[in-house]
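Working notes, structure below.
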Amino acid sequence: MTNAICTLGQVPLFADADIRSGVVSQQLFGEELIVLEKAGAWLHIVRPFDNTDAWMEEKYQIGLRDDLLSDGASENGHRIVTAPHAALRTPEGRQVLMLPAGAIWPVPIGHSLQLGNTSLVPEYDGDLSLTGRNTDPERICRQWLSLPYVQGGRSGYGFDGGGLVQTLCRCMGVGIPQDCGQQAMLGETVNFMHEVRKGDLAFFDNEDGEIAHVGMILGEGQVVHCHREVSIDRIDQQGIFDTVAGRYSHRLRIIKRLLPEQETN
Numbered sequence: 002m003t004n005a006i007c008t009l010g011q012v013p014l015f016a017d018a019d020i021r022s023g024v025v026s027q028q029l030f031g032e033e034l035i036v037l038e039k040a041g042a043w044l045h046i047v048r049p050f051d052n053t054d055a056w057m058e059e060k061y062q063i064g065l066r067d068d069l070l071s072d073g074a075s076e077n078g079h080r081i082v083t084a085p086h087a088a089l090r091t092p093e094g095r096q097v098l099m100l101p102a103g104a105i106w107p108v109p110i111g112h113s114l115q116l117g118n119t120s121l122v123p124e125y126d127g128d129l130s131l132t133g134r135n136t137d138p139e140r141i142c143r144q145w146l147s148l149p150y151v152q153g154g155r156s157g158y159g160f161d162g163g164g165l166v167q168t169l170c171r172c173m174g175v176g177i178p179q180d181c182g183q184q185a186m187l188g189e190t191v192n193f194m195h196e197v198r199k200g201d202l203a204f205f206d207n208e209d210g211e212i213a214h215v216g217m218i219l220g221e222g223q224v225v226h227c228h229r230e231v232s233i234d235r236i237d238q239q240g241i242f243d244t245v246a247g248r249y250s251h252r253l254r255i256i257k258r259l260l261p262e263q264e265t266n
């Protein structure tokens with residue numbers, strides 16, 4: 002069992018050690034993982050942040066580093082990429098790597114990141130934000146509008162519904178699973194639409210009554226979610242209203258509050 006930090010921008014994670022099993026999530030730059038075992042051309046991993054248990058192709062092992070674990074890679078007070086993308090450069094100004102939204106800066110603030118013989122710093126500090134409960138999710142998600150839906154996505158290259166909400170919650174200092182069904186089991190129920198607050202999570206079910214979609218309330222009858230793309234749409238007690246199609250696209254099942262005393266800027 003080996004702990005490591007991912008130093009590749011984004012790596013797909015699969016349900017099983019078979020590419021046909023489908024992408025269930027992504028491992029992003031700066032995130033910690035634990036390699037449980039190697040099986041042929043695959044690595045069985047767990048991501049401590051949300052307990053994701055998945056498989057990664059062994060070819061990506063070159064991008065896993067264990068020497069960064071002592072440099073302050075912590076979920077408390079870290080910085081996360083909130084711009085759609087952020088560039089890393091050398092002190093001389095040479096751009097080396099592009100990080101997607103959701104990636105973690107795995108060293109203390111003010112420190113450079115040493116990858117091999119190369120020292121890297123963010124090209125623009127404004128692309129990264131400190132996580133915390135006073136973070137305004139609306140300010141962040143408006144930078145992500147029109148990013149595409151990607152199965153298992155949780156980055157600036159594309160999101161799925163649960164991945165978008167998970168990343169927004171992470172920016173607000175709260176760790177939750179990526180799966181929307183698991184997300185719906187968390188927090189306190191908000192019984193009435195007039196009681197909702199910015200940051201509450203709205204869950205939507207399918208014809209079988211299963212939780213199949215999630216979005217984050219922004220207030221004033223608006224919800225941000227990722228269906229075809231990241232968008233902000235109208236929401237009421239029935240669900241999400243698609244103004245383009247002129248009909249309800251998702252049926253509201255329940256609203257949950259993860260931060261009872263949340264105050265956003």
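Under this note's numbering, the final residue of the sequence shown carries the number 266; numbering is consecutive throughout. By construction, the Cβ of each residue, glycine as well, lies at the ideal position given by its N, Cα and C atoms. If you're wondering where the values come from, they're calculated on a predicted model, not measured in any experiment.
Are the region 110-121 and the region 136-149 touching by the rule of at least three beta carbon pairs closer than 8 Å?
Result no; under three Cβ-Cβ pairs closer than 8 Å.
In terms of residues, what are the limits of the alpha helix (DSSP H) holding Gly247?
Working through the sequence shown from its first residue, we reach residue 247 at position 246. Neither: Gly247 is in no alpha helix (DSSP H) and is coded neither H nor E.
Provide the residue span of the beta strand (DSSP E) that contains Glu230, from first to last.
To locate residue 230, count along the sequence shown from 1; it is residue 229. Unbroken run through Glu230: none, as it is neither H nor E.
Tell me Trp43's beta-bridge partners as DSSP assigns them.
Within the sequence shown, residue 43 is the residue found at index 42, counting from 1. Answer is Ala40, Glu58.
For Asp237, does the count of other Cβ atoms within 10 angstroms reach 16, so buried, or fall short, so exposed?
Your numbering for residue 237 matches position 236 in the sequence shown. Counting Cβ neighbours within 10 Å, Asp237 comes out exposed, since fewer than 16 surround it.
Beta-carbon within less than 7 Å of Val97's beta-carbon, same chain only, minus the 5 sequence neighbours each way: which residues are those?
Numbered from its first residue, the sequence shown carries residue 97 at position 96. Counting only Cβ-Cβ distances below 7 Å, and skipping sequence neighbours, we find Leu89, Arg90, Thr91, Thr119, Leu121.
For Trp106 and Asp206, what's the separation of their Cα atoms in angstroms?
For this step, residue 106 is matched to residue 105 along the sequence shown. For this step, residue 206 is matched to residue 205 along the sequence shown. So the two alpha carbons sit approximately 35 Å from each other.
Taking C-alpha atoms, which residue in Ile218, Glu208, His251, Glu221 lies nearest to His228?
The residue you call residue 228 lines up with position 227 of the sequence shown. The residue with the shortest Cα to Cα distance from His228 is His251.
Taking the Cβ atom as the reference point for each residue, do Thr132 and Gly200 lie within a distance shorter than 9 Å?
Position 131 of the sequence shown, counting from 1, holds the residue named residue 132. Position 199 of the sequence shown, counting from 1, holds the residue named residue 200. Their beta carbons are not under 9 Å apart, which means Thr132 does not touch Gly200 by this criterion.
When DSSP builds the beta bridges, which residues end up paired with Phe205?
Looking up residue 205 in the sequence shown gives position 204. According to DSSP, Phe205 bridges with His214, Leu253.
With a threshold of 6 Å on Cβ separation, who are the neighbours of Leu69 within its own chain once the five nearest residues in sequence on each side are excluded?
On the sequence shown, position 68 is the one that residue 69 refers to. Here the set comprises Ile6, Pro107.
So, are the CB atoms of Leu148 and Pro85 less than 9 Å apart?
Sequence index remark: in the sequence shown, residue 148 carries index 147 (1-based). Sequence index remark: in the sequence shown, residue 85 carries index 84 (1-based). Yes, these two residues count as a Cβ contact at 9 Å.
Under the rule that 16 or more other beta-carbon atoms within 10 Å means buried, what is Phe160, buried or exposed?
Residue mapping note: residue 160 aligns to position 159 of the sequence shown, counting from 1. Burial call: buried.
Does the separation of the CB atoms of Leu202 and Arg143 fall below 9 Å?
Sequence index remark: in the sequence shown, residue 202 carries index 201 (1-based). Sequence index remark: in the sequence shown, residue 143 carries index 142 (1-based). Not a contact, by the Cβ cut-off of 9 Å.
Would you list the residues sitting across from Trp106 in a DSSP beta bridge?
Within the sequence shown, residue 106 is the residue found at index 105, counting from 1. According to DSSP, Trp106 bridges with Arg80.
State the DSSP-derived secondary structure class of Arg140, mapped to helix, strand or coil.
Stepping through the sequence shown from its first residue, residue 140 is reached at position 139. In this structure, Arg140 counts as helix in the three-state DSSP scheme.
Between which two residues does the alpha helix (DSSP H) holding Leu169 run?
The residue labelled residue 169 in the question sits at position 168 within the sequence shown. 162-172 is the extent of the alpha helix (DSSP H) around Leu169.
Hey, how far is the Cα of Asp8 from the Cα of Ile63?
Numbered from its first residue, the sequence shown carries residue 8 at position 7. Numbered from its first residue, the sequence shown carries residue 63 at position 62. This sequence places Thr at residue 8; Asp is not what is there. Going from the Cα of Thr8 to the Cα of Ile63 covers about 9 Å.
Would you kindly check if the distance between the Cβ of Gln27 and the Cβ of Met154 is under 9 Å?
Here residue 154 refers to the residue found at position 153 of the sequence shown. Here residue 27 refers to the residue found at position 26 of the sequence shown. The question names Met, yet the displayed sequence has Gly at residue 154. The answer is yes: Cβ separation under 9 Å.
Could you check if Ser75 is buried or exposed, using at least 16 other CB atoms within 10 Å of its CB as the buried criterion?
Your numbering for residue 75 matches position 74 in the sequence shown. With a pLDDT of only 47 at Ser75, under the threshold of 50, the placement of this residue in the model should not be trusted, and no figure is reported.
Which whole-angstrom value is the C-beta distance of Leu187 and Ile141, which I expect to be below 8 Å?
As a first step, residue 187 is located in the sequence shown; it is residue number 186 there, counting from the start. As a first step, residue 141 is located in the sequence shown; it is residue number 140 there, counting from the start. The Cβ separation is near 20 Å, so there is no contact.
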